[in-house]
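>
2 protein chains.
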Amino acid sequence: MAFYDHSFLWSFVPKSVAEGMVINMISKKMEMLGKQPSKIREIFEYSNKRRKEIGAENVFDFSLGNPNIPAPKEVNETIIRLLNERDSIDVHGYTSAIGDLNTRTAIANNINKRFGFSAQPSDIYMTSGAAASLEITIKALCNEEDEVIVLAPYFPEYKVFIENVNAKVVEVLCRENDLQIDTNAVKSAITEKTKAIIINSPNNPSGVVFPESDIKALAKVLNDYSNKSGEPIYIICDEPYREIIYGNIEVPYIPNIYDNTIVCYSYSKSLSLPGERIGYILVSNKAKDNKDVYAAVCGAGRSSGYVCASSLFQYVIAECDGLAPDIEKYAENRNLLYDSLCEIGYNAIRPDGAFYLFIKSLEEDANEFCEKAKKYELMLVPSDSFGIKGYVRIAYCVSYEQIERSIPSFKKLFEEYCG
Amino acid sequence: MAFYDHSFLWSFVPKSVAEGMVINMISKKMEMLGKQPSKIREIFEYSNKRRKEIGAENVFDFSLGNPNIPAPKEVNETIIRLLNERDSIDVHGYTSAIGDLNTRTAIANNINKRFGFSAQPSDIYMTSGAAASLEITIKALCNEEDEVIVLAPYFPEYKVFIENVNAKVVEVLCRENDLQIDTNAVKSAITEKTKAIIINSPNNPSGVVFPESDIKALAKVLNDYSNKSGEPIYIICDEPYREIIYGNIEVPYIPNIYDNTIVCYSYSKSLSLPGERIGYILVSNKAKDNKDVYAAVCGAGRSSGYVCASSLFQYVIAECDGLAPDIEKYAENRNLLYDSLCEIGYNAIRPDGAFYLFIKSLEEDANEFCEKAKKYELMLVPSDSFGIKGYVRIAYCVSYEQIERSIPSFKKLFEEYCG
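If you're matching them up, the sequences are chains A and B in order.
Taking our numbering, I'd label the letters of the first sequence as residues 255 to 673.
Taking our numbering, I'd label the letters of the second sequence as residues 255 to 673.
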């Protein structure tokens, strides 16, 4: 989750805009997007203030999805080796716009080995992380007025990237009891303008993993529609949390199930490298017009100013793709938090992946609930930011000790409502 | 200069597009941009083919603007120290979207020390290099139908970024004799839709540096217009080559001359890190509505999927901003190439900066001239790619020996026309 550090974040829109007198001004759409207050940022800043006032150990900040597990040691070892062994001009020089061939080959081989798929290096386009992957993919696919279905709860930047190309966000709520895909609701939301549906599993913010049976049911709905209309509806697979899963859960590899799939991958979470901005797009070679889609991906990346993904980190990925951080710590956090909150009496969705716990707000307005939680120094994010009402996101990529210390506060908060 | 590595680069546009039957297809604008043949790439590939056929030492490839001088040794030393001394979660973690505060402070201090300006860290937005800086700045400033003046010859990606926001490129030719700014021509090109003018000095592809007197004359034209219209015309300063200058030439710091200036900087050339994608935008705090422009920059970066610039390289810049590679080698190359070609009889623009020599084509059609040059294994780029006819770009960021070996070929080529 990126956050925005403008001291003037909440300044007002110039009066002339309010009055509709926009003459030769800068882009108001961009200005307002830059000034948009971020709920998560707001909470994070309040949290910083409280840390100074009462001491860091007494503040329980669960607002940010920033990995707290270091990158596997091989990552830094590889960087140092590359710098020592290879020529500077080579290591720090441009790669081709689509990415280093060895890197793409390593990724394709790994995909094929792990998932029994048939990826080729020429299906892969290296990007600066998941946000870039999504922005580029949406720009490649969508024309103005096209519709993209998102399953609520969803990562709020989807809206930014969809509206960036003047396409339309169509929100479809997940099933209320378990936040799984509501296939019938998706079916009802499809129109002749539907270009794509974004699937994010393991899910931010709910931690839910969508099982293979549900992906197959969704694929059938999409295929049935395409067979009639003659045009595909693409699945955009947003997969930054693929490697962060607990127990024997399997995250289905959607290109094996549905041909018209584009995977947006990132190493931010899998290798704990969020600041380095490295990831890729895979255009399934089974997708209709996949060579044209891949060309559009290249064009979209180019027009958004992406020259190439970081050369050094591409070479790191060529060697480190497939490694994972020690997610055992996330698993311990999840168990402690989930078990403790359920025991207190909270209604929580059991997360099978990612590092978020989604719980039911104890009052209708989750914003109000989060305000009350602040009294107990609990910093939680209301689900309104994710397109759904009545829930709260708890990011547990924090120390085990913070969770331990926070449990009495969660208890007191519960008792305020149900005591 | 980025290049594009699609094996299907010259495939045809689908028939349905040609026939105007576009129904619910992917973005044809992006697809065509991705498939657009790149002249430079085409030359580079031909050059690779020739290398295999006749040996690398016999091919004189002057097509790519890829620095051939390594990064200052402090860059790799700093990376290794950061990895050894700092926490992995910190070094590889998200920075704020606008960039690390220490990095922005170091840059602002350096600007103020070098140029006597008054930059603040809050005026700076860290980016993934010059292309990102330009794409974001243009997106922040322009509404649809706005006009952006570019001075031909110019870097071809300007057009891509301007058309990305459905604004219009207005080409103004430089003066024919010296490729300096034709202030009267700029004045004639200004309309009520003019939002900005891009100034690139030292210039790619001509190597020309615009002197202070000409920038002042330009500033007067822009200010005169703004005073009447009430709305600023912004100067977008594209400065990747600022540190690559020869002799006692001074590159004027435009924010000192013209208030409504936005600087797009990159470390690709100054620190020889083109693959790492690191640079910044400076919104002059003297610009009209500069806080709004800065907010629009933040919004544009966000909507283009830029979460933050590489954290590791931001920390490197905090320590290495102000260093320069050993440009003496470029200077030696320039002298050898310029002197030799003038002696043969070529009409060349003397480059005061960057690493390009721009010479007059010996026939009207520079494309034809470059084709003839290939007979002598000289790989040159015709100026048509840069919005001007009748010139050829020679990128001399190559070995001194390559230039030495190539001189007889330049001589034979000249003799074919004027022997």
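Virtual Cβ for every residue (Gly too), placed ideally from N, Cα, C.
Keep in mind that this is a model prediction, so the values were computed, not measured.
Could you tell me how far apart the beta carbons of B:THR381 and B:ILE490 are, in whole angstroms, since I believe they sit closer than 8 Å?
The residue you call residue 381 of chain B lines up with position 127 of the second sequence. The residue you call residue 490 of chain B lines up with position 236 of the second sequence. Contact flag wrong, Cβ pair sits at about 13 Å.
> Name the chain A residues whose beta carbon is nearer than 9 Å to that of B:MET633?
The residue labelled residue 633 of chain B in the question sits at position 379 within the second sequence. Within chain A, no residue comes near B:MET633; the closest Cβ sits about 17 Å away, beyond 9 Å.
> If you follow the beta strand (DSSP E) that A:PHE612 is in, where does it begin and where does it stop?
As a first step, residue 612 of chain A is located in the first sequence; it is residue number 358 there, counting from the start. Residues 610-614.
> With 7 Å as the threshold, decide whether the Cβ of A:LEU337 is near any Cβ in chain B.
For the purposes of this step, residue 337 of chain A is identified with residue 83 of the first sequence, where counting begins at 1. Judged by the 7 Å Cβ criterion, A:LEU337 is in contact with chain B.
> Among B:ILE598, B:LEU591, B:CYS552 and B:ASN601, which has the Cα closest to the Cα of B:PHE609?
On the second sequence, residue 609 of chain B is found 355 positions in, with the first residue counted as 1. The shortest C-alpha separation from B:PHE609 is found at B:LEU591.
> Using only CA atoms, which one of B:ASP377, B:THR349, B:PRO528 and B:VAL440 lies nearest to B:THR515?
Position 261 of the second sequence, counted from the start, is the residue given in the question as residue 515 of chain B. For the residues B:ASP377, B:THR349, B:PRO528 and B:VAL440, the minimum Cα distance to B:THR515 belongs to B:ASP377.
> Let me know the secondary structure DSSP gives B:LEU472 once reduced to three states.
Taking the second sequence and counting its residues from 1, one reaches residue 472 of chain B at position 218. Helix at B:LEU472.
> Given a cut-off of 7 Å on the beta-carbon distance, is the pair B:SER301 and B:MET633 in contact?
Here residue 301 of chain B is taken as the residue at index 47 of the second sequence, counted from 1. Here residue 633 of chain B is taken as the residue at index 379 of the second sequence, counted from 1. Taking 7 Å as the Cβ cut-off, B:SER301 and B:MET633 qualify as a contacting pair.
> Quick check on B:VAL276: buried or exposed, where buried means 16 or more other Cβ atoms within 10 Å of its Cβ?
Taking the second sequence and counting its residues from 1, one reaches residue 276 of chain B at position 22. Bear in mind that a pLDDT of 45 at B:VAL276, under 50, signals an unreliable position, so the number given afterwards is only what the model happens to contain. Exposed.
> What first and last residue would you give for the beta strand (DSSP E) that runs through A:ASN454?
The residue given as residue 454 of chain A occupies position 200 in the first sequence. Note, A:ASN454: beta strand (DSSP E), 448-454.
> Against B:SER301, what residues of chain A qualify as contacts under a CB-to-CB distance less than 9 Å, listed in chain order?
For the purposes of this step, residue 301 of chain B is identified with residue 47 of the second sequence, where counting begins at 1. Ordered by position in chain A, no residue passes the 9 Å Cβ test against B:SER301, which lies about 15 Å from the chain.
> In whole angstroms, what separates the C-alpha of A:ILE333 from that of B:PHE567?
One-based indexing of the first sequence puts residue 333 of chain A at position 79. One-based indexing of the second sequence puts residue 567 of chain B at position 313. Spanning the two alpha carbons is a distance of roughly 13 Å.
> Which residue or residues does DSSP assign as beta-bridge partners of B:ASP492?
Taking the first residue of the second sequence as position 1, residue 492 of chain B is located at position 238. According to DSSP, B:ASP492 bridges with B:ASN454 and B:CYS518.
> Please state the DSSP three-state secondary structure of A:GLY319.
Walking along the first sequence from the start, residue 319 of chain A turns up at place 65. Here A:GLY319 sits in coil by DSSP.
> Where A:ASP468 and A:GLY370 are concerned, what is the direct C-alpha to C-alpha distance, given to the nearest angstrom?
The sequence position of residue 468 of chain A within the first sequence is 214, counting from 1. The sequence position of residue 370 of chain A within the first sequence is 116, counting from 1. C-alpha separation (whole angstroms): 20 Å.
> Hey, is B:CYS552's beta-carbon within less than 7 Å of any beta-carbon in chain A?
The sequence position of residue 552 of chain B within the second sequence is 298, counting from 1. It does; some Cβ of chain A falls within 7 Å.
> Using Cβ-Cβ distances below 9 Å, what residues of the segment 405-418 of chain B are close to chain A?
If the cut-off is 9 Å between Cβ atoms, the segment 405-418 of chain B has GLU411, VAL414, PHE415, GLU417 and ASN418 near chain A.
> Within 10 angstroms of the Cβ of A:LYS654, are there 16 or more other Cβ atoms? Answer buried if so, exposed if not.
Walking along the first sequence from the start, residue 654 of chain A turns up at place 400. Note on residue identity: the sequence assigns Tyr, not Lys, to residue 654 of chain A. Exposed, because fewer than 16 other Cβ atoms sit within 10 Å of the Cβ of A:TYR654.
> Looking at C-alpha atoms only, which residue of A:ILE581, A:GLU425 and A:GLN434 is the closest neighbour of A:PHE640?
Walking along the first sequence from the start, residue 640 of chain A turns up at place 386. Nearest option by C-alpha distance: A:GLU425.
> For the alpha helix (DSSP H) that contains B:VAL646, what are its first and last residues?
Along the second sequence, read from residue 1 onward, the residue named residue 646 of chain B stands at position 392. Per DSSP, B:VAL646 belongs to no alpha helix (DSSP H); it is in the beta strand (DSSP E), 645-649.
> Can you tell me where the alpha helix (DSSP H) with A:LYS422 in it begins and where it stops?
Position 168 of the first sequence, counting from 1, holds the residue named residue 422 of chain A. No alpha helix (DSSP H) holds A:LYS422; the beta strand (DSSP E) holding it covers 422-427.
> Using DSSP bridges, identify the partner residues of A:MET380.
Position 126 of the first sequence, counted from the first residue, corresponds to residue 380 of chain A. According to DSSP, which records beta bridges pairwise, A:MET380 is partnered with A:TYR534.
> Hey, B:ALA649 and A:HIS346 are a contact pair by Cβ (cut 8 Å); roughly how many whole angstroms apart?
Along the second sequence, one-based indexing puts residue 649 of chain B at 395. Along the first sequence, one-based indexing puts residue 346 of chain A at 92. About 18 Å separates the two Cβ atoms, so there is no contact after all.
> In chain B, which residues lie less than 8 Å from A:GLY599 when you measure between Cβ atoms?
Walking along the first sequence from the start, residue 599 of chain A turns up at place 345. Those within 8 Å of A:GLY599 in chain B number zero; the least Cβ separation is about 34 Å.
> Of all the CB atoms in chain A, is at least one closer than 7 Å to the CB of B:ILE661?
Residue mapping note: residue 661 of chain B aligns to position 407 of the second sequence, counting from 1. Answer no: the Cβ-Cβ gap between B:ILE661 and chain A never drops below 7 Å.
> Does the beta carbon of B:ASP468 come closer than 7 Å to any beta carbon on chain A?
As a first step, residue 468 of chain B is located in the second sequence; it is residue number 214 there, counting from the start. Chain A, which has no Cβ nearer than 7 Å to the Cβ of B:ASP468, makes this no.
> Show which residues of chain B have a CB atom less than 8 Å away from the CB atom of A:CYS518.
Sequence index remark: in the first sequence, residue 518 of chain A carries index 264 (1-based). In chain order: nothing, as chain B lies at least about 10 Å away.
> For A:TYR336, report the span of its alpha helix (DSSP H) as first-last.
Within the first sequence, residue 336 of chain A is the residue found at index 82, counting from 1. Per the sequence presented here, residue 336 of chain A reads as Leu, with Tyr not at that position. First-last of the alpha helix (DSSP H) with A:LEU336: 327-339.
> Go to B:ALA554, then tell me how far its alpha helix (DSSP H) extends in each direction, as first and last residue.
On the second sequence, position 300 is the one that residue 554 of chain B refers to. Here the alpha helix (DSSP H) through B:ALA554 covers 544-557.
> Per DSSP, what are the beta-bridge partners of B:ALA386 in this structure?
Looking up residue 386 of chain B in the second sequence gives position 132. Answer is none; B:ALA386 lacks a bridge partner.
> Might you give, ordered along the chain, the residues of its own chain that have their beta carbon closer than 6 Å to the beta carbon of B:ILE365, omitting 5 neighbours on each side?
Taking the first residue of the second sequence as 1, we reach residue 365 of chain B at position 111. PHE371 and ALA373.
> So A:GLU618 is in the beta strand (DSSP E); what residue range does that whole segment cover?
By one-based count along the first sequence, residue 618 of chain A stands at place 364. Neither: A:GLU618 is in no beta strand (DSSP E) and is coded neither H nor E.
> Taking the C-alpha atoms as reference points, what is the distance between B:ILE444 and B:PRO486?
Numbered from 1 along the second sequence, position 190 holds the residue referred to as residue 444 of chain B. Numbered from 1 along the second sequence, position 232 holds the residue referred to as residue 486 of chain B. Each residue's Cα considered, the two are about 12 Å apart.
> Between B:GLU658, B:PHE409 and B:VAL561, which has its C-alpha nearest A:ARG531's C-alpha?
In the first sequence, residue 531 of chain A corresponds to position 277, counting from 1. That would be B:VAL561, whose Cα lies nearest to the Cα of A:ARG531.
> Measure the alpha-carbon distance for B:GLU389 versus B:GLU497 and round it to whole angstroms.
Within the second sequence, numbered from 1, the residue matching residue 389 of chain B stands at position 135. Within the second sequence, numbered from 1, the residue matching residue 497 of chain B stands at position 243. Going by the C-alpha atoms only, they are around 22 Å apart.
> Any C-beta of chain B sitting closer than 7 Å to the C-beta of A:ILE657?
Along the first sequence, one-based indexing puts residue 657 of chain A at 403. It does not; no Cβ of chain B falls within 7 Å.
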